[in-house]
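As structure tokens, the structure follows; a few thoughts come after it.
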Amino acid sequence: MEKRKIWIVDTTLRDGEQTAGVVFANREKVRIASFLDEMGVDQIEAGVPVMGGDEQEAIKQICQLGLKASVMGWNRPVLKDIEASLKCGVDAVAISISTSDIHIKHKLKTSREWVVEHMVRATEFAKKEGMYISVNAEDASRSDMNFLIEFAKAAKQAGADRLRYCDTVGILEPFTTYERIKALKEAVDLEVEMHTHNDFGMATANALAGVRAGANWVGVTIMGLGERAGNSPLEEVVMALKHLYDIDLSFKTEIFREVAEYVSRASGRELHCSKAIVGSNMFAHESGIHADGAIKNPKTYEAFQPEEVGLERQIVIGKHSGTASLRMKFAEYGIDLAKEEAEELLPKIRSAAVSLKRSLFDKELVYIYEDHFGKRD
Numbered sequence: 001m002e003k004r005k006i007w008i009v010d011t012t013l014r015d016g017e018q019t020a021g022v023v024f025a026n027r028e029k030v031r032i033a034s035f036l037d038e039m040g041v042d043q044i045e046a047g048v049p050v051m052g053g054d055e056q057e058a059i060k061q062i063c064q065l066g067l068k069a070s071v072m073g074w075n076r077p078v079l080k081d082i083e084a085s086l087k088c089g090v091d092a093v094a095i096s097i098s099t100s101d102i103h104i105k106h107k108l109k110t111s112r113e114w115v116v117e118h119m120v121r122a123t124e125f126a127k128k129e130g131m132y133i134s135v136n137a138e139d140a141s142r143s144d145m146n147f148l149i150e151f152a153k154a155a156k157q158a159g160a161d162r163l164r165y166c167d168t169v170g171i172l173e174p175f176t177t178y179e180r181i182k183a184l185k186e187a188v189d190l191e192v193e194m195h196t197h198n199d200f201g202m203a204t205a206n207a208l209a210g211v212r213a214g215a216n217w218v219g220v221t222i223m224g225l226g227e228r229a230g231n232s233p234l235e236e237v238v239m240a241l242k243h244l245y246d247i248d249l250s251f252k253t254e255i256f257r258e259v260a261e262y263v264s265r266a267s268g269r270e271l272h273c274s275k276a277i278v279g280s281n282m283f284a285h286e287s288g289i290h291a292d293g294a295i296k297n298p299k300t301y302e303a304f305q306p307e308e309v310g311l312e313r314q315i316v317i318g319k320h321s322g323t324a325s326l327r328m329k330f331a332e333y334g335i336d337l338a339k340e341e342a343e344e345l346l347p348k349i350r351s352a353a354v355s356l357k358r359s360l361f362d363k364e365l366v367y368i369y370e371d372h373f374g375k376r377d
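All residue numbers for the sequence shown refer to UniProt numbering, where the first residue is 1 and numbers rise by one.
This is how it looks when you write it as structure tokens:
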């Protein structure tokens, strides 16, 4: 795929905080914004200014940080929403309205014409105020394509800088995504942002398919936080672009794990050990064949270096371990374990792992060694 600039807009502070049960304290929102800027995010969707109160206060503080990133406020196509965004000091606004017939009929209880008219009025108002504008086509993935093209053309004419293509209920798959975004890009000369949800586990795949079809913005959140099953995770999109598409966004990837841990604590959401890119199991090897390969050359079982995302390689000793990893682990304790000794110990270690139903801690391994060979100084 040809190399080109892809821009990342992070919505951890807006869509991420809309995760059921998640609330960030103001100081946490400010800290997360600083982290996002440090990592290299191009635009931070900081929240919903019209909510007022703490939300407005946090957005104002973020705008006063002097970040390199653009700061965006989220709005309905309502002038008072955009006025609230302007008061906070943002330099960009998202103007969001549903474009699918199911939303227009059942949620908005109105017509397609009403949708276009209100989007245009809000966009023109924001443009006069000198704002960068993303017009969000909510539920774009269930919208009639002809109407979506008409909507996008009207948005461009009104002054929008990009269209956010929202897979609001996460029903896309990558092949359909590619076809839809390609058709949209061919019909309208307007930048497109992928905003994908993970209801079928395909948020990152759909985001990448959109990029391949010509979208040059991707909406993400840390750890994939977001409503229901979440959004496309920042760390997955950035690392996939770098290693799979050869598009290096020059992100400070070595702080990915640290930032994920912070957002995990702030959101009260577990950072799962098997989380792609930043989970602690990413570089933990237990299986004898895998561990042996990783010891000889990490590239045998690792797609990238653990240090690249702020993790460390771990050789875990348990039921599936082999002699190579056992000898390496004991070398960490300053014990030079002969191959024959490792072969003697291995059945005992595997038996202990089965009875405990887990891998073994360092001290447990040393105890088994001491019990078997007699205590050594």
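Think of the CB as a built atom: it goes at the ideal place given N, C-alpha and C, for glycine as much as any other residue.
Q | CB contact flag (residue 168, residue 199, <7 angstroms) | A | Taking 7 angstroms as the cut-off, the beta carbon of residue 168 is found no closer than this to the beta carbon of residue 199.
Q: Quick one: using the 10 Å Cβ neighbour count with 16 as the cut-off for buried, is residue 217 buried or exposed?
A: With 16 or more other CB atoms across the displayed protein chains lying within 10 angstroms of its CB, residue 217 is buried.
Q) Starting from residue 301 and walking both ways along the beta strand (DSSP E), at which residues does that stretch end? A) Element bounds for residue 301: n/a, residue is neither H nor E.
(Q) Assess contact between the stretch 51-70 and the stretch 256-263, defined as three or more Cβ pairs (one per stretch) separated by less than 8 angstroms. Is contact present? (A) no
Q: Taking 7 angstroms as the cut-off, decide whether the C-beta atoms of residue 46 and residue 32 are in contact.
A: no
(Q) In the DSSP output, which residue or residues are listed as bridge partners for residue 221? (A) 233
Q: Check each candidate in 305, 229, 343 and 329 and name the one with the smallest Cα separation from residue 316.
A: Checked all of 305, 229, 343 and 329; the closest Cα to residue 316 is 329.
**Q.** CB contact flag (residue 84, residue 123, <7 angstroms)
**A.** no
Q. For the 8 angstroms Cβ check, are there 3 or more pairs between the stretch 218-234 and the stretch 182-191?
A. no
Q: Measure the C-alpha to C-alpha separation of residue 197 and residue 72 and round it to an integer number of angstroms.
A: 20 angstroms
Q | Rounded Cβ spacing between residue 42 and residue 70 (contact assumed at less than 8 angstroms) | A | 7 angstroms
Q. Rounded to a whole number of angstroms, what is the C-alpha to C-alpha distance between residue 77 and residue 250?
A. 34 angstroms
Q) Quick check: the stretch 139-155 against the stretch 109-124, are there 3 or more CB pairs under 8 angstroms? A) yes
**Q.** Cβ pair count under 8 angstroms reaching 3, the stretch 236-245 against the stretch 202-211
**A.** yes
(Q) Output needed for residue 308: all residues of its chain with C-beta closer than 6 angstroms, excluding positions within five of it in sequence on either side, in chain order. (A) 253
Q.
If the criterion is Cβ atoms closer than 7 angstroms, does the pair residue 327 and residue 342 meet it?
A. yes
Q | Inter-residue CB distance, residue 214 and residue 242 (contact presumed, cutoff 8 angstroms) | A | Going by Cβ atoms, the distance from residue 214 to residue 242 rounds to 19 angstroms, so no, they are not a contact pair.
Q) Apart from the five residues on each side of it in sequence, which residues of its chain come closer than 8 angstroms, Cβ to Cβ, to residue 182? A) 213 and 214
(Q) Taking 6 angstroms as the limit between beta carbons, can you name the residues of its chain near residue 14, skipping five residues before and five after? (A) 45, 47 and 74
Q) Going straight from the alpha carbon of residue 347 to that of residue 333, what length do you get? A) So the two alpha carbons sit approximately 20 angstroms from each other.
Q | Residues sharing a beta bridge with residue 194, DSSP | A | 165 and 218
Q | Where residue 8 sits in the DSSP three-state scheme | A | strand
Q: Please classify residue 43: does DSSP put it in a helix, a strand, or coil?
A: Residue 43: strand per DSSP, three-state reduction.
**Q.** Proximal residues to residue 381 (C-beta, below 6 angstroms), its chain only, five neighbours per side dropped
**A.** Nothing can be reported for residue 381, as the shown portion of the chain is limited to 1 through 377.
Q. Residue 11 and residue 219: beta carbons closer than 7 angstroms?
A. yes
Q. Between the C-alpha atoms of residue 278 and residue 247, what's the straight-line distance to the nearest angstrom?
A. 20 angstroms
Q) If you run the structure through DSSP and keep just helix, strand and coil, what is residue 279? A) In the structure shown, residue 279 sits in coil (DSSP, three-state: anything other than H, G, I, E or B).
(Q) At 3 residues or longer, what runs of the beta strand (DSSP E) sit wholly inside the stretch 65-142? (A) 70-75, 92-98 and 132-138
Q) Just reading off the alpha helix (DSSP H) that residue 269 is part of, what are its end residues? A) Careful: residue 269 lies outside any alpha helix (DSSP H) and carries neither H nor E.
Q. Distance, Cα to Cα, residue 331 vs residue 325?
A. 10 angstroms
Q.
Run through the DSSP bridge pairs and tell me what residue 285 is partnered with.
A. 315
(Q) Could you compute how far the alpha carbon of residue 117 sits from the alpha carbon of residue 285? (A) 57 angstroms
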